[in-house]
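Keeping their order, the protein sequence lines are chains A and B. According to my numbering, the stretch in the first sequence is residues 3 to 336, in order. According to my numbering, the stretch in the second sequence is residues -9 to 219, in order.
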Amino acid sequence: MTPFLRFLGALALIAAVTAAGSAAGLNPNTIGFVYLVAVLLISLRGGLLIGTISSFVATLSYNFFFFHPLHTLTIEEPANWFALAAFLIASVTVNRLVAAARTQAERAAHLEALRESEALKTSLLRAISHDLTTPITAMSIRTESIRRRAGSDTELLEDVAAIGAETARLRRRIDNLLAMARLEAGRAHPRREPSPPADLFRAARENLPTVPMSVHVDADCADANVDPSLALEILVNLVENAHRVSAPGAPVELTARTHPDDAAKIRIEILDRGPGLPPGLEMSDVAQRGLGLEIARSLTEANGGTLGLVPRSGGGTIARVDFPAALLPAEGAA
Amino acid sequence: MSITNVVMIVDDDPAIRDSLSKELRAANYTTTAASDGDQGHALFQSQLPDLVLTDLAMPRADGFALISAIRASSHVPIIVLSVRGADADKVRALDLGADDFVTKPFSVTELLARIRAQLRRTSTPASTVLNFPDLTIDLGRRHVIQDGREIRLTPTEFSLLELLATNAGRPMFIEQIIARVWRSAPSTTADTVRVHMSSLRKKLEPDPSDPRYIVTEPWVGYRFIAEPA
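Right, dumping it as structure tokens:
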């Protein structure tokens, strides 16, 4: 129903109450309550504006048709002034209360709808993750099976290794798409906890078994206060990028140490000896650096960190990730 | 002919069931398979397998329901096949009584190591000297030798190492560690465990940048990763 139709409906209802009240010869006190009920109904259906206008229309009708002298807007008895004023105040208040209750109900419904769509996205993402990962798992199990039985057939072993590498590549693409979808769905709420860089590096190596890496963690480097599975996603993407531009067999270097200027942060660097950054390339040039870098940047920021690319002296690029540190309480505190 | 262990595989995907069954049989396990939680529970009661491998997302009764149903009557080792990005599910499964998890897509080698770790718990008699690659832990004399050098540990560090190494290959919850090493002393927090674990790892690991023995297990606690020599 349009607001105009609702307004006409409101006027019709007041007219009906007035006509019925006059015909039945109701006394002015009783008709006041009937008007109030009418205004309440109008407010419930029509909203604050129509409700408020109806309050004034009802007040005028009340005066015009039921207070002496009838059919004038003048008032004889001073007491009727009080009755009219009280009616107006009551009906306007009813309007405001109804409007406040309606806003609250709408907000609650909106929140509920949001929650439902969040839950839907969550379960949808989980289902997609499961459905995409399952065939890849079956493929990699079969691949391992062939490798086990290949014996010393080098040609077969080479093919199997290639299938294995491609399967892993497909898996990482899917991981990235899912990570992106989780970010989009607002689901990548990091669950941060103290994560030792050495353990993150180890997980990265397990995820990229064919990429040569050399790792170093400073002895006094604190743990990172990050979501470990998102941090792994970040590292895997940056290492893959670095590996792609490196000479065959050249290791990607990973280092972790306390941030040089801020002891409350740790700095993780992924270093390569590739051709380096093209001049003028900005972090935001996603198309040039690939989806992996964009995902790494979004995930780093979601973890309260920053990601930058800097040229490496002697050639190559450094991907520099600064994470908040999870400092240990003083030794012996227990 | 030696006795083999029976592993039950519960997954709604036939490709996973078939390929896993084949690889487990090649590794000398007997296998049995079900496609959902209800079927899995019925099969569990009739076959009493030595270990259960279960997916979590399945039609009808899912993996969570299956774990609860099995745990109502049995301590059999349960390993969960979880997927990436569903860490909350993984932790929930462990809370319900699962013993370990692998994340799809996992390698068969990794899965076999996890299975061995779980079966060791039920089969190996308690020994007072634990041997790992380049590491010997003498529980009686409370001595640790790493690659020929003796490592001096505080009593707390030794207890931590003992707890993790006697459960080699299995994830240990922070709460389990606090209950066993600190006897649930009220002031003990996850940070207390971190402080002692960090200094234990510094003493134990020959290359702290590349841990060989102890790693953190996200949202769970710690895992001793070396396999008994």
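Glycine included, each C-beta is placed from N, C-alpha and C at the ideal position. On a predicted model such as this, the values are computed, not experimentally measured, just so you know.
According to DSSP, what are the bridge partners of residue i?
i	result
B:Leu120	B:Ile127
B:Thr93	B:Ser72
A:His218	A:Thr257
B:Leu43	B:Ile(-1) and B:Ile69
A:Pro196	A:Asn227
B:Tyr212	B:Met162 and B:Thr206
A:Asp324	A:Arg269 and A:Thr308
B:Ala24	B:Val0
B:Gln136	B:Leu125 and B:Arg139
A:Thr319	A:Pro313
Given that residue i touches chain A, what residues does it touch there, using C-beta distances under 8 Å?
i	result
B:Asp85	Chain A residues near B:Asp85: none, gap ~15 Å exceeds 8 Å.
B:Ser97	Ser142 and Glu146
B:Arg74	Ser131, Thr135, Asp177, Leu180 and Ser231
Taking residue i as the query, report the chain B residues whose CB atoms sit under 8 Å from its CB, ordered along the chain.
i	result
A:Leu385	Beyond the ends of chain A as shown, which are 3 and 336, falls residue 385 of chain A; an answer cannot be given.
A:Val1	With chain A covering 3 to 336 only, the question about residue 1 of chain A has no answer from this structure.
A:Pro230	Thr206, Pro208 and Trp209
Is the CB of residue i under 8 Å away from at least one CB in chain B?
i	result
A:Ile272	no
A:His261	no
A:Ile268	no
A:Asp155	no
A:Arg128	yes
A:Ala244	no
A:Val217	yes
A:Asp201	yes
A:Ser315	no
A:Arg173	yes
A:Arg117	no
A:Ala221	yes
A:Arg275	no
State the Cα-Cα distance for the pair residue i and residue j, rounded to the nearest angstrom.
i	j	result
A:Ile165	A:Ala328	40 Å
A:Pro331	B:Thr21	48 Å
A:Leu240	B:Ile(-7)	48 Å
B:Ala16	B:Ala24	19 Å
B:Lys12	A:Ala140	11 Å
B:Asp79	A:Ala12	55 Å
A:Glu157	B:Gln35	46 Å
A:Glu114	A:Gly53	28 Å
B:Ile127	B:Gln166	21 Å
A:Thr257	A:His245	15 Å
A:Phe89	A:Ala111	33 Å
A:Ala249	A:Glu271	19 Å
B:Asp26	B:Asp77	21 Å
A:Val288	A:Gly294	Residue confidence for A:Val288 is low, a pLDDT of 47 falling below 50, so the modelled location carries little weight and cannot support an answer.
B:Ile57	B:Lys193	38 Å
B:Arg7	B:Leu102	15 Å
A:Thr74	A:Ala107	42 Å
A:Ser286	A:Ile130	Low per-residue confidence applies at A:Ser286: pLDDT is 48, beneath 50, and the placement is therefore not dependable, though the value from the model is reported in the following sentence. Between A:Ser286 and A:Ile130, the C-alpha separation is close to 29 Å.
Please report the Cβ distance between residue i and residue j, rounded to the nearest whole angstrom; I am assuming they are in contact, meaning their Cβ atoms lie under 8 Å.
i	j	result
B:Leu41	B:Gln136	That pair is no contact at about 31 Å.
B:Leu71	B:Met(-2)	With 8 Å as the limit, B:Leu71 and B:Met(-2) do not qualify as a contact, their Cβ atoms being about 12 Å apart.
A:Pro196	A:Asn227	6 Å
B:Pro95	A:Thr135	6 Å
A:Leu311	A:Leu273	Actually they do not touch by this definition, with Cβ atoms about 11 Å apart.
A:Leu159	A:Ile138	With a Cβ gap of about 21 Å, A:Leu159 and A:Ile138 do not count as contacting.
B:Leu153	B:His186	Not really, about 11 Å apart at Cβ, beyond 8 Å.
A:Arg259	A:Arg275	Not confirmed; about 20 Å, so no contact.
B:Thr112	B:Pro67	7 Å
Any beta-carbon of chain A closer than 8 Å to the one on residue i?
i	result
B:Ser199	yes
B:Pro49	no
B:Leu10	yes
B:Ala24	no
B:Pro161	no
B:Val70	no
B:Pro259	Examination of residue 259 of chain B is not possible in this model, given that chain B is present from -9 through 219 alone.
B:Lys193	no
B:Ala59	no
Going along chain A in order, which residues have a C-beta closer than 9 Å to the C-beta of residue i?
i	result
B:Ala273	Nothing about residue 273 of chain B can be reported from this structure: the residues present for chain B run from -9 to 219 only.
B:Glu152	What B:Glu152 touches in chain A: nothing, since even the nearest Cβ is about 18 Å away.
Taking residue i as the query, report the chain B residues whose CB atoms sit under 9 Å from its CB, ordered along the chain.
i	result
A:Arg193	Asp77, Ala78, Pro208 and Trp209
How would you list, in chain order, the residues of chain B whose beta-carbon sits under 7 Å from the beta-carbon of residue i?
i	result
A:Pro196	Arg184
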